[in-house]
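A.B. asks: My questions will all concern the structure given below.
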Amino acid sequence: MRKRHTLYQAIFVLIISVMFSSGCSSGESSTKVPPPAIKPGKTQTREYLSITNTEYVNGADSTDGMKMNVYTYDLQSKALNKMSDLPYNSQYPLTVVSLAEDTTYYSGEGQNKGDELFAYDMKTRQVQQLSSNLFAINAIIPNVTGNTLMMAAVQKGERPVKVMFLDKDTHEISILNEQDSDTTTWDIAYDPETEKAYAIQYSEEEQYEQMEKSNQTQKPMVPPSHAIIEIDPVTNQTRAIIKLKDEQILTLSARRNQLLIATAKYINKMPIGYSLVDLKTGQRKELHLPIKAGSELFLDKSGSGFYFLGEKGNGSTERGVYYYDMKTDKVETVFLQKEGFINNFTLVSEFVKK
Numbered sequence: 591m592r593k594r595h596t597l598y599q600a601i602f603v604l605i606i607s608v609m610f611s612s613g614c615s616s617g618e619s620s621t622k623v624p625p626p627a628i629k630p631g632k633t634q635t636r637e638y639l640s641i642t643n644t645e646y647v648n649g650a651d652s653t654d655g656m657k658m659n660v661y662t663y664d665l666q667s668k669a670l671n672k673m674s675d676l677p678y679n680s681q682y683p684l685t686v687v688s689l690a691e692d693t694t695y696y697s698g699e700g701q702n703k704g705d706e707l708f709a710y711d712m713k714t715r716q717v718q719q720l721s722s723n724l725f726a727i728n729a730i731i732p733n734v735t736g737n738t739l740m741m742a743a744v745q746k747g748e749r750p751v752k753v754m755f756l757d758k759d760t761h762e763i764s765i766l767n768e769q770d771s772d773t774t775t776w777d778i779a780y781d782p783e784t785e786k787a788y789a790i791q792y793s794e795e796e797q798y799e800q801m802e803k804s805n806q807t808q809k810p811m812v813p814p815s816h817a818i819i820e821i822d823p824v825t826n827q828t829r830a831i832i833k834l835k836d837e838q839i840l841t842l843s844a845r846r847n848q849l850l851i852a853t854a855k856y857i858n859k860m861p862i863g864y865s866l867v868d869l870k871t872g873q874r875k876e877l878h879l880p881i882k883a884g885s886e887l888f889l890d891k892s893g894s895g896f897y898f899l900g901e902k903g904n905g906s907t908e909r910g911v912y913y914y915d916m917k918t919d920k921v922e923t924v925f926l927q928k929e930g931f932i933n934n935f936t937l938v939s940e941f942v943k944k
């Protein structure tokens, strides 16, 4: 599980320990096919994966610190390219590339304790700090409606993770339900076709109660009820999609009027279940998949397959980014974890005018 700022912070410590035991990688980039040409004056959609892979600077140990190697994988040409490497000094290493802007957005150490949002211009190699009052950033979606970046983040001095929208011109941040001190956001998603956003949320109070029960009974922790809401990024109006009692929704992806979700009955315990949720009716259809993935899942444009971070199953325990075709049950390898650690990845869909 990848979310850092919750009561489950031990998860992050576990991830780091796994990374150190596995060593670090060079993550060599390779281009299989040139990216498709875009005709002058035409606006087309380009889709690609943005991948964060953390490694030791000296390739051996933490003496010289660590870095975040940033890769993109073009979904059409299947070209994998290393875009940049950035200093890893945040609580949770997170990067997202916007090729349309030639920019990598990432979490970095602020002046005071906590992480802030930064933008790295890949042409000029200049870094700009975009926020000044955050403590943690769990997710970044670089382009939603208009000139807006969406985050799941925490303000300094507060506890809940909130849905935030940052204006890239003014750097002003607006926060969904800012005065709500109990609801926290576990993950966010965005559907580029409908321009609607989605968030997994739960009650901090209920989570604390469940943790207390687990401590008293010495049994696995049952998660608080998790809900998914739909958000209009322009009006900030919300709509309830589904609520699951005593079940954790680990991650979600929205495409073609459906949600793909991964769920668990207990905190930090297998098995993980997978379901499709109809966005119009809220009806849930469980899927029986061989894979093991508890963090990133991203439906492709057709809605008939998805990219995921984890293990492809059927006896294989090699961790990496894969594509699963729900029609054929075939799994395609995108990016394998060699010696470093794949922290996260994002499917980015952008309009590009050439």
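Take any residue in the sequence shown, count from 1 to its spot, add 590: that is its number in the numbering used here.
Beta carbons: idealized from backbone N, C-alpha and C, even for Gly.
Computed from a predicted model, the values in this text were never measured in an experiment.
#1: Taking all protein chains shown into account, do 16 or more other C-beta atoms lie within 10 angstroms of the C-beta of residue 798, making it buried, or fewer, making it exposed?
#2: So what does residue 772 bridge to, in DSSP terms?
#3: Could you tell me which of 938, 800, 916 and 909 sits nearest to residue 924, measuring between CA atoms?
#4: Given 8 Å as the limit, is there contact between the stretch 893 to 904 and the stretch 747 to 764, that is, 3 or more CB pairs closer than that?
#5: Taking the straight line between their C-alpha atoms, what separation do you get for residue 617 and residue 930?
#6: For residue 883, count neighbouring C-beta atoms within 10 Å of its own C-beta (all shown protein chains included) and say buried if the count is 16 or more, exposed if not.
#7: Does the Cβ of residue 791 have 16 or more other Cβ atoms within 10 Å, making it buried, or fewer, making it exposed?
#8: Just to confirm before moving on: does the CB-CB distance between residue 688 and residue 706 stay below 8 Å?
#9: Given residue 836, which residues of its chain have a CB within under 7 Å of its CB, disregarding the five upstream and five downstream residues?
#10: Looking only at its own chain, which residues have a Cβ that is under 7 Å from the Cβ of residue 710, when we skip the five neighbours before and after it?
#11: According to DSSP, is residue 797 part of a helix, a strand, or is it coil?
#12: Between residue 660 and residue 642, is the Cβ-Cβ spacing less than 8 Å?
#13: Does the beta-carbon of residue 874, which I'm using as the reference point, lie nearer than 7 Å to any heavy atom of the ligand SAH?
#14: Reducing DSSP to helix, strand and coil, say where residue 805 ends up.
#15: Measure the CB-CB distance between residue 640 and residue 646 and report whether it falls below 8 Å.
#16: Do the CB positions of residue 817 and residue 777 come within less than 8 Å of each other?
#17: Does residue 765 get closer than 8 Å to chain C when you measure Cβ to Cβ?
#18: Counting pairs of Cβ atoms below 8 Å between the stretch 799 to 806 and the stretch 842 to 853, do you hit three or more?
#19: Whole angstroms is fine: what's the gap from residue 775's alpha carbon to residue 714's?
#20: Which residue's Cα is closest to the Cα of residue 887: 856, 915 and 928?
#21: On the premise that residue 740 lies in contact with residue 727, defined as a C-beta separation below 8 Å, what is that separation, rounded to the nearest angstrom?
#22: Taking the beta strand (DSSP E) that residue 753 falls in, what are its first and last residues?
#23: Quick check on DSSP: helix, strand or coil for residue 652?
#24: State the beta-bridge partners of residue 895 as determined by DSSP.
#25: The beta strand (DSSP E) spanning residue 764 covers which residue range?
#26: Are the beta-carbon atoms belonging to residue 768 and residue 752 less than 8 Å from one another?
#27: Could you tell me if residue 841 is buried or exposed, where buried requires 16 or more neighbouring beta carbons within 10 angstroms of its beta carbon?
#28: What does the alpha-carbon distance come out to for the pair residue 895 and residue 795?
#29: How about residue 897 and residue 877: are their beta carbons less than 8 Å apart?
#30: Taking all protein chains shown into account, do 16 or more other C-beta atoms lie within 10 angstroms of the C-beta of residue 860, making it buried, or fewer, making it exposed?
#31: For residue 737, list the residues DSSP reports as bridge partners.
#32: What would DSSP say about residue 745, mapped onto helix, strand or coil?
#33: Please confirm whether residue 658 and residue 678 have their CB atoms less than 8 Å apart.
#34: According to DSSP, simplified to helix, strand and coil, what is residue 687?
#35: Have a look at 771, 704 and 911 and flag the residue whose alpha-carbon is nearest the alpha-carbon of residue 927.
C.D. replies: Reading off the structure:
#1: exposed
#2: Answer is none; residue 772 lacks a bridge partner.
#3: 909
#4: no
#5: In this prediction, residue 617 has a pLDDT of 36, which is less than 50 and means its spatial position is unreliable; nothing more can be read from the coordinates.
#6: buried
#7: buried
#8: no
#9: 812, 813 and 815
#10: 674, 676, 693, 694, 696 and 717
#11: helix
#12: yes
#13: You won't find the ligand SAH in this model; it holds no ligand whatsoever.
#14: helix
#15: no
#16: no
#17: Protein chains in the displayed structure number just one, and chain C is not present.
#18: no
#19: 34 Å
#20: 915
#21: Not quite, the Cβ-Cβ distance comes to about 11 Å (not below 8 Å), so this is no contact.
#22: 752 to 757
#23: helix
#24: 915
#25: 763 to 765
#26: yes
#27: buried
#28: 36 Å
#29: no
#30: exposed
#31: In DSSP, residue 737 forms no bridge with anything.
#32: strand
#33: yes
#34: strand
#35: 911
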